[in-house]
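Engineer: Handing you this structure, nothing more for now.
See below:
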């Protein structure tokens, strides 16, 4: 822990020295500009600056103490000694945290449960890189135990660091907490974009695109994934963009959930992305493929079938020639005979019988 005590002869010197905690002389610069530039250029992303001003008996706020502490190691008891609020020794904390999403939105929050209810909060933020600094307007939303700040970053600029200052104002004191984060460590990535999820030869194949990061990393090994298949977690050990689940049941349906964040092997983020949209996988019908064996079978089988049909027809004609059918009257003739019966019975001709009797010379004919 480092501490500094500014000169009582200059209020501006008090403000600059108490927060910057540096021996360098900074002239003709505003308090906020000096503070932000100091932290951005020194890459103090692992530290936070804390300053306390107390109201004296004349009613003026005078600097009491300032310190640079590690972000994950709050000030010890010696820092808070002799600091009384409403007659009690207190050790207030804010636990400030920030997050940047891929829509260029900055969201910060801090805990207010250990502070008196009469305090007021104000915030200011700065986005900076090695070249430029941009002030961010932060809209505050206070709740009973927490306060939040929301702002929009510039989509056309790359910001390596985010600086946030929270002012806690009370009638008896003024507390300032300033923290800086490297952007990649507080970014929340978009959910992984799955480009393929299908069952192929009893294997569930999942492929996804390389996530986009404000750290502008194109190394797929810099991302860590969490994958769930049907409420069972799968560990992705290979640093690739593909996962294969072998020996799956092709008749079942599979629900896939996946999220991502930057991994510790590069620059770990504190936040996981949201889950991907649930993807249900079923066996897909394979596309029609021309099989060589099918082509050969059709090419040889079709002529054989036609030849067999032709021979069958020829055999029937040959059988009719060898064994011709018994001829019979045609249907028309039968119809005519049945309709026109013109044959009538003819009576027999009477034959006269002649008998000759000789009686003497006289012949009698009967």
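In mature numbering (1 follows the signal peptide of the UniProt record, and there is no 0), the protein residues as written are -25 to -1, 1 to 341. Ideal Cβ placement from N, Cα and C applies to all residues, glycine included.
1) Quick one: what's got a C-beta closer than 8 Å to residue 77's C-beta in the same chain, skipping five residues either side?
2) In angstroms with no decimal places, state the Cα-to-Cα distance between residue 200 and residue 278.
3) For the region 131 to 180, list the beta strand (DSSP E) runs that are entirely contained and at least 3 residues long, ordered along the chain.
4) Give the DSSP bridge partners of residue 199, in chain order.
5) State buried or exposed for residue 371, treating a residue as buried only when at least 16 other CB atoms are found within 10 Å of its CB.
6) Tell me which residues share the same chain as residue 36 and place their Cβ nearer than 6 Å to its Cβ, disregarding the 5 neighbours each side in the sequence.
7) Taking the alpha carbon of residue 171 as the point to measure from, which residue in 219, 100, 203 has its own alpha carbon closest?
8) Tell me which same chain residues have a C-beta within less than 7 Å of the C-beta of residue 74, skipping the five on either side of it?
9) CA-CA distance, residue 198 and residue 169?
10) Can you confirm whether the region 132 to 143 touches the region 171 to 186 when touching is taken to mean that 3 or more C-beta pairs between the two stretches lie within less than 8 Å?
11) According to DSSP, simplified to helix, strand and coil, what is residue -5?
12) Could you please give the first and the last residue of the uninterrupted alpha helix (DSSP H) stretch that includes residue 187?
13) Thinking residue 71 and residue 85 are a contact (beta carbons under 8 Å), I'd like their distance in whole angstroms, please.
14) Only counting the same chain, and skipping five residues up and downstream in sequence, which positions put a Cβ closer than 6 Å to that of residue 290?
15) Use the C-beta contact count for residue 228: other C-beta atoms within 10 angstroms, 16 or more gives buried, fewer gives exposed.
16) Where does residue 37 sit, in a helix, a strand or coil, going by DSSP?
17) Once DSSP output is grouped into helix, strand and coil, what is the label at residue 71?
18) Buried or exposed, going by whether 16 or more other CB atoms sit within 10 Å of the CB of residue 103?
19) Where does residue 343 land, buried or exposed, given buried means 16+ other C-beta within 10 angstroms?
20) By how many angstroms is the C-alpha of residue 211 removed from the C-alpha of residue 252?
21) State the DSSP-derived secondary structure class of residue 28, mapped to helix, strand or coil.
22) When the distance is taken between beta carbons, is residue 254 closer than 8 Å to residue 271?
Structural biologist: Per the coordinate set shown:
1) To locate residue 77, count along the chain shown from 1; it is residue 102. Here the set comprises 162, 163, 164, 165, 187, 189.
2) In the chain shown, residue 200 corresponds to position 225, counting from 1. In the chain shown, residue 278 corresponds to position 303, counting from 1. Between residue 200 and residue 278, the C-alpha separation is close to 59 Å.
3) 136 to 144, 148 to 157, 169 to 175
4) The residue labelled residue 199 in the question sits at position 224 within the chain shown. 236, per the DSSP bridge assignment.
5) Past the boundaries of the shown model lies residue 371; the chain is included only from -25 to 341, so the question cannot be answered.
6) Sequence index remark: in the chain shown, residue 36 carries index 61 (1-based). Closer than 6 Å at the Cβ level, and outside the excluded window around residue 36, lie 28, 30, 149.
7) Position 196 of the chain shown, counted from the start, is the residue given in the question as residue 171. Ranking the options by Cα distance to residue 171, first place goes to 219.
8) Translated into positions along the chain shown, residue 74 becomes position 99. Counting only Cβ-Cβ distances below 7 Å, and skipping sequence neighbours, we find 82, 161, 163, 246.
9) Position 223 of the chain shown, counting from 1, holds the residue named residue 198. Position 194 of the chain shown, counting from 1, holds the residue named residue 169. Approximately 15 Å, taken between the alpha carbons.
10) no
11) Taking the chain shown and counting its residues from 1, the one referred to as residue -5 is at position 21. Note on residue -5: pLDDT 36, under 50, position unreliable in the model; the coordinate value appears next. Reduced to three states, the DSSP call for residue -5 is coil.
12) Position 212 of the chain shown, counted from the first residue, corresponds to residue 187. Note, residue 187: premise wrong, no alpha helix (DSSP H); not H, not E.
13) For the purposes of this step, residue 71 is identified with residue 96 of the chain shown, where counting begins at 1. For the purposes of this step, residue 85 is identified with residue 110 of the chain shown, where counting begins at 1. With 8 Å as the limit, residue 71 and residue 85 qualify as a contact, their Cβ atoms being about 4 Å apart.
14) As a first step, residue 290 is located in the chain shown; it is residue number 315 there, counting from the start. Result list for residue 290: empty, nothing under 6 Å.
15) In the chain shown, the residue the question calls residue 228 occupies position 253. It counts as exposed.
16) Taking the first residue of the chain shown as 1, we reach residue 37 at position 62. Note: residue 37 maps to strand in three-state DSSP.
17) As a working note, residue 71 is residue 96 in the chain shown. Note: residue 71 maps to coil in three-state DSSP.
18) Walking along the chain shown from the start, residue 103 turns up at place 128. The residue is buried, with at least 16 neighbouring Cβ atoms inside 10 Å.
19) Coverage of the chain is limited to positions -25 through 341, which leaves residue 343 absent and any answer about it impossible.
20) Residue numbering aside, residue 252 sits at position 277 when the chain shown is read from its first letter. Residue numbering aside, residue 211 sits at position 236 when the chain shown is read from its first letter. Their backbone Cα atoms lie some 19 Å apart in a straight line.
21) Locating residue 28 in the chain shown gives position 53, where the first residue counts as 1. Residue state, collapsed to three classes: strand.
22) In the chain shown, counting from the first residue as 1, residue 271 sits at position 296. In the chain shown, counting from the first residue as 1, residue 254 sits at position 279. No, Cβ-Cβ distance for residue 271 and residue 254 is not below 8 Å.
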